[in-house]
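In the working numbering, the protein residues as written are 1474 to 1836.
Have a look at this one:
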């Protein structure tokens, strides 16, 4: 085929130019045109809808419309929380001490039990979250726990703090423990900054008479007197032993009958004003046999009640037990014990008797 001539090429270019000019303002087929318009509208609507949603959320957040409702905390709750925070800052917020420290279920049950029992005793509201368990362990065939707590504010003042020792048989559930000692409110000894509790052993034996618990973040050493000796020249020597340390703020140990009677507990080397000798001198149950027939036992008992305050060694031997009638229905009771080193321990009591002579009216 021969190549197009110049005149033919010129004619083709003119037809192309004419076609371009005639279709410059034309539209696609109607169906295609409508589809393109719908697609553009959807895209614009989607973008504008997203923008509107973003604006709505932003506006709601800025005006607080989407914020969770704020729980109103009562002044009493705020005061309790402040007291708990103060206890924790003082050192009572550390992990629980003792073999039950890792038993979360038992500890939760204990807090609920303490809140219920203390609430009954104090007549004040207390919640489980207001109870701090400091120590929980099995000692001397018994189970013990020491807690501190905050009681809701009273009408006359702010919230108060307390402390309690609970005890029960070894392996007991938390709600089976009974409150042995509790205080409302309770403040540590200002000198020693410690809570001290002495109680009967839950299952006492010949070797164990009581359990001593000392809780104090600032305590460094706890000692208990084990014996005492007197000499003729007036000197008194007391032997002591250290109470075992049970953790960062706890000292726990068992006491013998003699140690309990001596009632001499020392924190940091200084005796504390805490008398726990609520049992008589071990020899007292033998000295009544020395009394003449018909001697009033109440009068003798009142005389022996004074022995702990005289600093007995718990090893004295009974020598004399008697009572004598005085004028105006009064009787004099006398008890005499001899210490191992020779000196005697003597106590007197004068009691006014009832007209029938059956019991002591006053001492």
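C-beta atoms are modelled at their ideal positions from N, C-alpha and C, and glycine is treated no differently.
(1) Give the C-beta separation of residue 1620 and residue 1587 to the nearest angstrom, bearing in mind that I take them to be a contact with Cβ-Cβ under 8 angstroms.
(2) Is the segment 1681-1689 close to the segment 1732-1745, with three or more CB pairs under 8 angstroms?
(3) Measuring only the C-alpha atoms, how far is residue 1761 from residue 1724?
(4) Determine the closest residue to residue 1828 out of 1722, 1800, 1814, with distance taken between C-alpha atoms.
(5) Since residue 1759 is in the alpha helix (DSSP H), which residue starts that stretch and which ends it?
(6) Using only the alpha-carbon positions, how far apart do residue 1803 and residue 1771 sit?
(7) Measuring straight from C-alpha to C-alpha, what distance separates residue 1700 and residue 1708?
(8) Using 8 angstroms as the limit for Cβ to Cβ distance, is residue 1779 near chain D?
(9) Pull up the distance between the alpha-carbon of residue 1647 and that of residue 1575, whole angstroms please.
(10) With 16 other CB atoms within 10 Å as the buried threshold, where does residue 1820 fall?
(11) Leaving out the 5 sequence neighbours to the left and right, which residues in its chain are closer than 7 angstroms to residue 1600 when beta-carbon positions are compared?
(12) Who are the near neighbours of residue 1757 in its chain, counting only those whose CB is closer than 7 angstroms to its CB and skipping five residues on each side?
(13) Pull up the distance between the alpha-carbon of residue 1554 and that of residue 1548, whole angstroms please.
(14) Since residue 1634 sits in a beta bridge, which residues does DSSP pair it with?
(15) Identify whether residue 1649 lies in helix, strand or coil by the three-state DSSP scheme.
(16) CA-CA distance, residue 1759 and residue 1793?
(17) Measuring alpha carbon to alpha carbon, tell me which of 1566, 1730, 1653 ends up nearest residue 1679.
(18) Can residue 1418 and residue 1616 be called in contact, C-beta distance under 8 angstroms?
(19) Quick one: Cα of residue 1745 to Cα of residue 1671, how far?
(20) If we ignore side chains and look at the alpha-carbon of each, how far apart do residue 1676 and residue 1614 end up?
(21) Using the C-alpha atoms, what's the distance from residue 1584 back to residue 1650?
(22) According to DSSP, residue 1617 sits in a beta bridge with which residue or residues?
(23) In chain order, what residues of the same chain have a beta carbon less than 6 angstroms from the beta carbon of residue 1537, not counting five sequence neighbours either side?
(24) Ordered along the chain, which non-local residues of its own chain (more than five positions away) have a Cβ less than 7 angstroms from that of residue 1532?
(25) Rounded to the nearest angstrom, what separates residue 1808 and residue 1695 at their Cα positions?
(26) Give me, in chain order, the residues of the same chain whose beta-carbon lies closer than 8 angstroms to that of residue 1645; leave out the 5 immediate sequence neighbours on both sides.
(27) What alpha helix (DSSP H) runs, 4 residues minimum, are completely inside the segment 1565-1612?
(28) Restricting to Cα atoms, I'd like to know which of 1573, 1704, 1635, 1779 is closest to residue 1560.
(29) Less than 6 angstroms between C-beta atoms, sequence neighbours within five positions excluded: which residues of the same chain meet that for residue 1557?
(30) Where do the N-terminal and C-terminal ends of the alpha helix (DSSP H) with residue 1557 fall, by residue?
(31) Using CA atoms only, rank isn't needed, just tell me which of 1632, 1817, 1606 is closest to residue 1569.
(32) If we require 3 or more residues per run, which beta strand (DSSP E) segments fall completely within the segment 1772-1797?
(33) What residue ranges within the segment 1685-1749 form continuous alpha helix (DSSP H) runs of no fewer than 4 residues, ordered along the chain?
According to the structure data:
(1) 5 angstroms
(2) yes
(3) 38 angstroms
(4) 1800
(5) 1757-1760
(6) 13 angstroms
(7) 14 angstroms
(8) Reference to chain D is not applicable here, since this structure consists of a single protein chain.
(9) 14 angstroms
(10) buried
(11) 1588
(12) 1777
(13) 10 angstroms
(14) 1623
(15) helix
(16) 11 angstroms
(17) 1730
(18) Outside the modelled stretch of the chain, which goes from 1474 to 1836, sits residue 1418, for which no answer is possible.
(19) 13 angstroms
(20) 6 angstroms
(21) 12 angstroms
(22) 1610, 1640
(23) The pLDDT assigned to residue 1537 is 46, lower than 50, so where the model puts this residue is not dependable, and the model offers no usable value.
(24) In this prediction, residue 1532 has a pLDDT of 45, which is less than 50 and means its spatial position is unreliable; nothing more can be read from the coordinates.
(25) 33 angstroms
(26) 1616
(27) 1577-1595
(28) 1635
(29) 1623
(30) 1548-1560
(31) 1606
(32) none
(33) 1730-1735
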